[in-house]
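First the structure, in the form of structure tokens, and then the observations on it.
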Ligand code: V0D
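Residue numbers (the numbering used here): 1121 to 1384.
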């Protein structure tokens, strides 16, 4: 009877990765996970490699994370691939980054299709190079009939810009008498955002130790659980992700009966 109390915990007592994964799958999964994929430059620097090598490795992590999230039954995965602030980077780095969607899709599109993943995008495509736009356009077309996980890339995205555009859209509807003042509610604002067809994220993950939102989905993240990890994006893997999901499941269970709004 006291065996449990007296015996020191050994490695053999700890649940294995497979056991933890099975247990996590029995609990409520975040429906929508959003990720700020930070630390690619630092990963490269640690290895005395050019920054672009970190971005390229980060692209492989996008593939692994997509397949893992899809297997977990996550419905939407939003990845912050390029922010409106990223235009301040050196031109050669931007040119390299803009080739990644094309390379990603020529390498992994068949696999995305096999896994029933649907590629979507938020942000403004206008400033992107034509070859980048074409790559994303083709990926969205070729996966448009898939009804599995939505892989949503935030490209040339900024949250305050998105909110300003939503305000403009609503102002026009008001001016043209398509909408009454009393009809401007949280719901109509949500419907005016680029994410109008998606549920709000339940979980935000930011890698590489920075603890900021950096103008990412400010409206949509109002009730999300926030997870920050020191792990650099190219080193992010299913073990890191599982630990974060376990933590999410512990936290959201405490608020489970309060419908996400712990203040009411
Ligand atoms: C670099 C880490 C995949 C973050 C991941 C142009 C920075 C790798 C895409 C991608 C980037 C985007 C759209 C699409 C297919 C793939 C990507 C960018 C950067 C910005 F339809 N990785 N990736 N796009 N990095």
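Cβ coordinates follow ideal geometry from the N, Cα and C atoms, glycine included.
Pick from the options that is closest to residue i, judged by C-alpha positions
i            : options                   : result
residue 1177 : 1158, 1192 and 1195       : 1158
residue 1193 : 1269, 1222 and 1259       : 1269
residue 1150 : 1277, 1329 and 1189       : 1189
residue 1174 : 1217, 1191 and 1152       : 1217
residue 1288 : 1311, 1266, 1373 and 1191 : 1311
residue 1251 : 1235, 1225, 1315 and 1264 : 1225
residue 1263 : 1235, 1280 and 1355       : 1235
residue 1364 : 1325, 1296 and 1293       : 1325
residue 1260 : 1284, 1285, 1230 and 1286 : 1230
residue 1374 : 1141, 1142 and 1148       : 1148
C-alpha distance - residue i paired with residue j, whole-angstrom precision
i            : j            : result
residue 1137 : residue 1359 : 8 Å
residue 1144 : residue 1273 : 26 Å
residue 1170 : residue 1344 : 35 Å
residue 1271 : residue 1318 : 11 Å
residue 1255 : residue 1371 : 39 Å
residue 1241 : residue 1152 : 15 Å
residue 1184 : residue 1211 : 28 Å
residue 1290 : residue 1196 : 26 Å
residue 1155 : residue 1334 : 12 Å
residue 1366 : residue 1322 : 13 Å
residue 1257 : residue 1327 : 28 Å
residue 1221 : residue 1132 : 43 Å
residue 1249 : residue 1237 : 25 Å
residue 1139 : residue 1361 : 15 Å
residue 1337 : residue 1279 : 5 Å
residue 1181 : residue 1232 : 14 Å
residue 1355 : residue 1308 : 39 Å
residue 1298 : residue 1292 : 8 Å
residue 1275 : residue 1135 : 39 Å
residue 1285 : residue 1316 : 13 Å
residue 1313 : residue 1340 : 9 Å
residue 1350 : residue 1332 : 13 Å
residue 1191 : residue 1303 : 40 Å
residue 1165 : residue 1329 : 16 Å
Assigned exposure category for residue i - 16 Cβ within 10 Å defines buried
i            : result
residue 1300 : exposed
residue 1368 : buried
residue 1198 : buried
residue 1130 : exposed
residue 1227 : exposed
residue 1163 : buried
residue 1127 : exposed
residue 1353 : buried
residue 1247 : exposed
residue 1203 : buried
residue 1243 : buried
residue 1267 : exposed
residue 1320 : buried
residue 1282 : buried
residue 1161 : buried
residue 1305 : exposed
residue 1342 : exposed
residue 1347 : buried
For residue i, three-class secondary structure by DSSP
i            : result
residue 1349 : coil
residue 1332 : coil
residue 1323 : strand
residue 1356 : coil
residue 1276 : strand
residue 1285 : helix
residue 1271 : strand
residue 1181 : helix
residue 1138 : helix
residue 1343 : coil
residue 1195 : coil
residue 1146 : helix
residue 1129 : coil
residue 1251 : helix
residue 1260 : helix
residue 1304 : coil
Closer than 8 Å to chain C by CB, residue i
i            : result
residue 1201 : Although the question refers to chain C, the structure presented lacks it and comprises just one protein chain.
Beta-carbon distances below 5 Å to any heavy atom of the ligand V0D define the shell here; list its residues in chain order, please. Cβ atoms closer than 5 Å to the ligand V0D belong to 1157, 1175, 1178, 1179, 1182, 1201, 1202, 1217, 1220, 1221, 1224, 1256, 1259 and 1273.
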